[in-house]
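Numbering (my numbering) for the sequence shown: 2 to 177. All C-beta atoms, glycine included, are put in the ideal place defined by N, C-alpha and C.
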Amino acid sequence: MNVINLKVHQILANIRQKLVELNPKQTGSNKFQNFEYYQLADFLPFVIKLANAHNLSYQETFGKEEASLTLIDTNSGSSVTFSIPIDYSVLKGGSPMQSIGASVTYARRYLWVSALGLTDHDLLDQMNLDQPITQQTKNTTKDIISKAQARKNTIADQHKTLKKKEVVQNSTERTF
Numbered sequence: 002m003n004v005i006n007l008k009v010h011q012i013l014a015n016i017r018q019k020l021v022e023l024n025p026k027q028t029g030s031n032k033f034q035n036f037e038y039y040q041l042a043d044f045l046p047f048v049i050k051l052a053n054a055h056n057l058s059y060q061e062t063f064g065k066e067e068a069s070l071t072l073i074d075t076n077s078g079s080s081v082t083f084s085i086p087i088d089y090s091v092l093k094g095g096s097p098m099q100s101i102g103a104s105v106t107y108a109r110r111y112l113w114v115s116a117l118g119l120t121d122h123d124l125l126d127q128m129n130l131d132q133p134i135t136q137q138t139k140n141t142t143k144d145i146i147s148k149a150q151a152r153k154n155t156i157a158d159q160h161k162t163l164k165k166k167e168v169v170q171n172s173t174e175r176t177f
């Protein structure tokens, strides 16, 4: 790496440090898998201000198979590029344009999280690394089954209660 390319890395390191100090909050929530994540709105406004203050520009590119984020020091011209594969699968129930928008949004988020070194949800965060993964899977499965059984019992109890009320109501209606 030559000296001119180091400039953009110094700027990026400064922006990362400032972002840590700003401590953006994760507002995205995946209710199904029970984790929180960064949305672009959680950190990108900070990044845009910091980039402007450090004369850093960026370019997002979305190709057929790859998305990339290039950060450019406007003073020296040095740059660094982050790339990921992109998938434009059609979303169930969505239009083709909505599918493209979703793919681009996901790619942007992953590119920026990677470039900025933000820590996002990681399956490893939820795992007890002292316990074998197969045991953890069994425990998770048991927990899901247990919760489902408890919910089934609650619904059954509610149904029984409603049936009893219905019988009492029908009995009362006949006696009049």
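Rounded straight-line distance, which links the Cα of residue j to that of residue i
i      : j      : result
GLU37  : ILE85  : 22 Å
LYS153 : LYS161 : 12 Å
VAL21  : GLY64  : 31 Å
LEU51  : SER69  : 20 Å
ILE12  : PRO97  : 38 Å
THR155 : GLY94  : 33 Å
VAL81  : SER30  : 30 Å
LEU45  : GLU66  : 24 Å
GLN34  : TRP113 : 22 Å
VAL105 : ILE87  : 8 Å
Residue from the options whose Cα sits closest to the Cα of residue i
i      : options                         : result
LEU23  : ASN53, VAL48 and SER30          : VAL48
LEU117 : LYS93, SER96, MET98 and ALA14   : ALA14
ILE16  : GLN34, ASN56, LYS32 and LEU41   : ASN56
SER100 : ALA108, VAL91 and THR106        : VAL91
ALA1   : ALA54, GLN40 and LYS148         : An answer regarding residue 1 cannot be provided, because it is not within the stretch 2 to 177 covered by the chain.
VAL43  : ALA157, GLY95, ARG110 and GLU61 : For clarity, residue 43 is Asp in the given sequence; the question names Val instead. Cα-wise, what sits closest to ASP43 is ARG110.
LYS8   : LEU45, GLY78 and SER115         : GLY78
ASP74  : HIS10, GLN18, THR62 and GLN27   : HIS10
ALA54  : LYS19, GLY102, ILE146 and THR62 : LYS19
Three-state secondary structure assigned by DSSP to residue i
i      : result
ILE87  : coil
ASN31  : strand
TYR38  : strand
LEU45  : helix
SER77  : coil
GLU22  : helix
LEU72  : strand
PRO162 : One point to set straight first is that residue 162 is Thr, not Pro, in the sequence displayed. The answer is helix: DSSP assigns THR162 an H, G or I state.
LEU125 : At LEU125, the pLDDT of 48 sits below 50, so the modelled position is not reliable; the number obtained from the coordinates is stated separately. The answer is helix: DSSP assigns LEU125 an H, G or I state.
SER100 : helix
TYR111 : helix
LEU92  : coil
THR120 : coil
Rounded Cβ spacing between residue i and residue j (contact assumed at less than 8 Å)
i     : j     : result
LEU72 : TYR89 : Between TYR89 and LEU72 the Cβ distance is about 24 Å, and since that is not below 8 Å, they are no contact.
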